[in-house]
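In what follows, a structure is listed as structure tokens, so that the remarks can point back to it.
Chains as they are written, first to last, in my numbering: chain E, 20 to 533; chain B, 20 to 533.
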């Protein structure tokens, strides 16, 4: 047995069963070892940003890590943007990064790079194996690190000679990841805050947005009148008809500050107090009112379900929430397509237990509210702001949940960053319906240009925010990568295309001209 | 005047006139400043790997840096792979990286990241502005660093508040970058090595591969009988009919070692002694024979033209080389297309003073030799092994040299990494003929799998090296991004398509099925 086989065998026995891969020469022994591991699925992605974004989507839905397989420092570099998102999401991810044989490093061959340096800015844990015998243990240490609640990005470096040299297959037992519990003092502070005169918010993020935790939050709301508000960009929000609904904090800072201005207290669970996504001249970064009492009941790494359950008991909450999301979709207005009516049609057709990967940017702000009453579903968002996450995350979610329909709501500008994800959808016949929201623009930047104080931008500035000249034909690109596609321009065309896509298993793309 | 305007004005006056850009919210003031600088061209790329690869290609051809405009740590991360290549090429590149306003960093908003950490593994120089007043000076310091011979990757961080706060427009004079000269001792060691009994090689890289330096190498060869051998992957090789020809070191280590085994001495100019690209079990990393005398006349940062000129004088070389590359292209064999005959047709049709961006991988090994007698041209190669460089480099070369035809020889697998480059070719109407060498495979990895000792790979391993299922349709993808395209399967079809593409100005894509 060589080191690669010991490693892959150990990870496979530890219940890692999926590897998103883009290997090179230095990873060929790892490829061969994956080949020999019957329970390890290998999924080729044609760009590393797809690999890591898929691992993020997989981790959010599976609550366990996929393995990535990446080629030295630059290959890892291509994956860093989506690892930034994964880290912000608290997704479990294990990156397996090949390197030159250790004795080869001193020659500074062309691909030699400081891989640990590449890995550190986007990893919670970084390790390098010390020998062939150590390779499996290093991989298992990375796996343990990735499982620290709610999930972490762990990266380990596998030198080629450690992969091909002889090794034994010694496994280590994996301790169950058990998150710390909220402190009693923080619990009492939360109880006290909930008794404030004036409106109180429970500000929820991370694992507090799962159905079970939201149920407890709903009980607390029933007992105290607290409002439930979620992060603007949540890793995974379980919502839809019959679940406890939450309000979503607005994106733009001044709107968010206005939204929060009357709260006497804000109790955070699974989230830090909200801040502005970007800074703007003369506008505040901190969004909570100065007069509000801020309580951190449970930071992200603290057990959110336990904290909310105990808080519900402390406030003598009723057994059930009073408010559950009613079913229903608002009727669209027929005519030319726009994000609002697109969202209404989507709400009316969403399958039970679907998954939405939302990188719809400006268009998404219209679609999210009107889909609240759709059948229960999971909504995945862009947690780290590094665009190019939506299509890869859809790949990963579809792999993690093969029996659930995935709907990728994808803005055109950000979709181009990792467009190669479409090919993997086709190869793996993933059940993903991609809806490209084509407005021919980095629309958000046209808004932001004004918001940062740029007056009368000229044609050169505006050209940097414009995606026409040439217009991108997503149908053509999609079909070039093997995903059947169509273009729609009206509400009725969209409805027909959506029904068709949802009624068939496998990848489809709808280019929605909005 | 704000900091952004002071910065862009100073860089513009220092002769930086091109910015490859993919900005976000935190860079809007920089966009506005570029808008106001009449001599600064702004070129939008739809992915950061295209931005940085274009800057690499531009730097190689212009011998001065383009500016890149990138969005915080993750945006920079997407550009790291091609910056690794640029650094290995010795290309001058100045990266301008936006960041949050300094006072916003403490809130750890979603896009907050360790940008210096991202930058260090791929930069020769990293700086962060200290204030709005310091921003222009920081940019100029990066510019100076980028111009250190033969060129460096310099990255500077521009916090948003430094861009929008008031500043004065103080410029600093730029000292001319003057590279160090070869030491007299090294010169005498080279003279002594050239007098060895037995064959001697001049091993050439970096700036030693420009026409003027090769002319001097040719004089030395005429005087001493030394053979001229170039790096396997050179940043920019000036070759073609009438120029001094060089042999190219084979890629695979054992072939390279065999190639070098009889040399009594190897004199390196602009290059380090050759090493194997990857390590393989039981095969040597070091390629020079143990018995050979190794002399480093000029490392990469030492003036190569000066070193070769002085060496030619020391060996009393004749005024002219004896050997110049004769013109001519070997005749192709009609029939189904293959890389060798594709290369022969290309050689017969190459325009005078063309530029070839070669990321053709396995196919390129056939095309390079048969194009030796084509009209004089520049040949750009993948210096750092981080694939996805060819199409972006073609973008940059075409921007740097608008009067020269650029031919991108692009393997299908690596082309997918930065396929978004096609859109920029269309938007800027760049005179690039892209030839996709479509073999439906990461062909090199099928070879490497065996070379690292993997026997009898199974279907799962082979699936990770295979690009069929689904087959990629490059014509469809190219047209989707606005570049006219056609597919060819025979030598005669290729000839017609190539003639048509070369006879028209503007981007074209030929999908060559090989």
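C-beta: ideal position from N, C-alpha, C; glycine also.
Listing by chain order, which chain B residues have their CB less than 7 Å from the CB of residue 172/E? The contacting residues do not exist; residue 172/E stays about 13 Å from chain B at best.
Give the residues of chain B in contact with residue 542/E, contact being defined as C-beta atoms less than 9 Å apart. Absent from the structure is residue 542/E, since the part of chain E shown begins at 20 and ends at 533.
Which value, in whole angstroms, describes the spacing of the CA atoms of residue 147/B and residue 156/B? Looking at the two C-alpha atoms, the distance is approximately 10 Å.
Bounding residues of the beta strand (DSSP E) (the contiguous stretch that carries residue 43/B): No beta strand (DSSP E) contains residue 43/B, which DSSP labels as neither H nor E.
Helix, strand or coil for residue 495/E per DSSP? Residue 495/E: helix per DSSP, three-state reduction.
Kindly indicate if chain B contains any beta-carbon less than 7 Å away from that of residue 518/E. Output row for residue 518/E: interface = no.
Under DSSP, the alpha helix (DSSP H) around residue 211/E begins and ends at which residues? Per DSSP, the continuous alpha helix (DSSP H) segment holding residue 211/E begins and ends at 203-213.
Give a yes or no on whether the C-beta atoms belonging to residue 429/B and residue 410/B are separated by under 7 Å. Their beta carbons are under 7 Å apart, which means residue 429/B touches residue 410/B by this criterion.
Assign residue 131/E to one of two classes, buried (16 or more other C-beta atoms within 10 Å of its C-beta) or exposed (fewer than that). Buried, since its Cβ has 16 or more Cβ neighbours within 10 Å.
Between residue 294/E and the rest of its own chain, which residues show a CB-CB distance below 7 Å, the 5 nearest in sequence each way excluded? Correct list, in chain order: 304, 305, 306.
Rank 68/E, 25/E, 61/E, 60/E by C-alpha distance to the C-alpha of residue 406/E and give the top, closest one. Proximity to residue 406/E across 68/E, 25/E, 61/E, 60/E peaks at 68/E, based on C-alpha coordinates.
On the three-pair Cβ rule with 8 Å, is the region 312-319 of chain E touching the region 232-242 of chain E? Taking 8 Å as the limit for Cβ pairs, the verdict is that the region 232-242 of chain E does not touch the region 312-319 of chain E.
Find out if the Cβ-Cβ distance for the pair residue 50/B, residue 57/B is shorter than 7 Å. A distance of 7 Å or more separates the beta carbons of residue 50/B and residue 57/B.
Residue 398/B touches chain E at which residues, Cβ-Cβ below 7 Å? Chain E residues near residue 398/B: none, gap ~17 Å exceeds 7 Å.
For the beta strand (DSSP E) containing residue 504/B, name the first residue and the last one. 504-507 is the span of the beta strand (DSSP E), which, as asked, contains residue 504/B.
What number of angstroms, rounded off, separates the C-alpha of residue 72/E from the C-alpha of residue 277/B? The straight-line gap from Cα to Cα measures roughly 43 Å.
Report the neighbours of residue 479/B on chain E: residues whose CB is nearer than 8 Å to its CB, in chain order. Correct list: 53, 54, 61.
Hey, quick one: how far does the beta strand (DSSP E) through residue 433/B stretch, first residue to last? According to the DSSP assignment, residue 433/B belongs to no beta strand (DSSP E) but to the alpha helix (DSSP H) extending over 431-434.
Give the list of continuous beta strand (DSSP E) stretches no shorter than 3 residues that lie fully inside the region 236-263 of chain B. Every beta strand (DSSP E) of 3 residues or more that sits fully in the region 236-263 of chain B is shown, in chain order, as 246-249, 256-258.
Near residue 398/B, which residues of its chain fall below 7 Å by C-beta distance, leaving aside the five closest residues on each side in sequence? The beta carbon of residue 398/B sits closer than 7 Å to those of 256, 258, 375, 377, all from its chain and outside the five residues before and after it, given in chain order.
Through-space distance from residue 180/E to residue 194/E, alpha-carbon basis: Going by the C-alpha atoms only, they are around 29 Å apart.
Does the CB of residue 376/B have a neighbour CB from chain E at under 7 Å? For residue 376/B, not one C-beta of chain E is nearer than 7 Å to its own C-beta.
Amino acids of chain E, ordered along the chain, whose beta-carbon sits closer than 7 Å to that of residue 123/B: Under a criterion of Cβ atoms nearer than 7 Å, the residues of chain E adjacent to residue 123/B are, in order, 298, 304.
So, for residue 166/E: in the same chain, excluding its five sequence neighbours on each side, which residues have a beta-carbon less than 8 Å away from its beta-carbon? Excluding sequence neighbours, residue 166/E sits near 83, 84, 111, 193, 196.
Taking Cβ to Cβ, would you say residue 241/B is nearer than 7 Å to residue 340/B? Pairing residue 241/B with residue 340/B gives a Cβ-Cβ distance under 7 Å.
Please state the DSSP three-state secondary structure of residue 358/E. For residue 358/E, the three-state secondary structure derived from DSSP is helix.
Taking C-beta pairs closer than 8 Å, name the residues in chain B that residue 442/E reaches, listed in chain order. Neighbours of residue 442/E on chain B, chain order: 435, 489, 491.
Beta-bridge partners of residue 175/E, as assigned by DSSP: In DSSP, residue 175/E forms a bridge with 115/E, 146/E.
Between residue 205/B and residue 333/B, what straight-line distance do the alpha-carbon atoms span, to the nearest angstrom? Looking at the backbone, the Cα of residue 205/B and that of residue 333/B are separated by about 12 Å.
At least one CB of chain B closer than 7 Å to the CB of residue 543/E: is that the case? This structure gives no information on residue 543/E, because the portion of chain E shown stretches from 20 to 533.
Strictly under 7 Å for the Cβ-Cβ distance: is residue 248/B near chain A by that measure? Considering every chain present, this structure includes no chain A. Its protein chains are E and B.
At what residue ranges does the region 266-341 of chain B contain a whole run of the beta strand (DSSP E), taking only runs of 3 or more? If we require 3 residues or more, the beta strand (DSSP E) runs fully inside the region 266-341 of chain B come out as 284-288, 312-317.
Cα-Cα separation between residue 392/B and residue 142/B, rounded to whole angstroms: Rounded to whole angstroms, the gap between the alpha carbons of residue 392/B and residue 142/B is 37 Å.
Just curious, the alpha helix (DSSP H) that residue 103/E is in, first and last residue? Where residue 103/E is concerned, the enclosing alpha helix (DSSP H) stretches over 91-108.
Thinking C-beta only, is residue 59/E closer than 7 Å to residue 75/E? Taking 7 Å as the cut-off, the beta carbon of residue 75/E is found no closer than this to the beta carbon of residue 59/E.
I need the straight-line Cα distance from residue 440/E to residue 33/E, nearest angstrom please. Rounded to whole angstroms, the separation of the alpha carbons of residue 33/E and residue 440/E is 28 Å.
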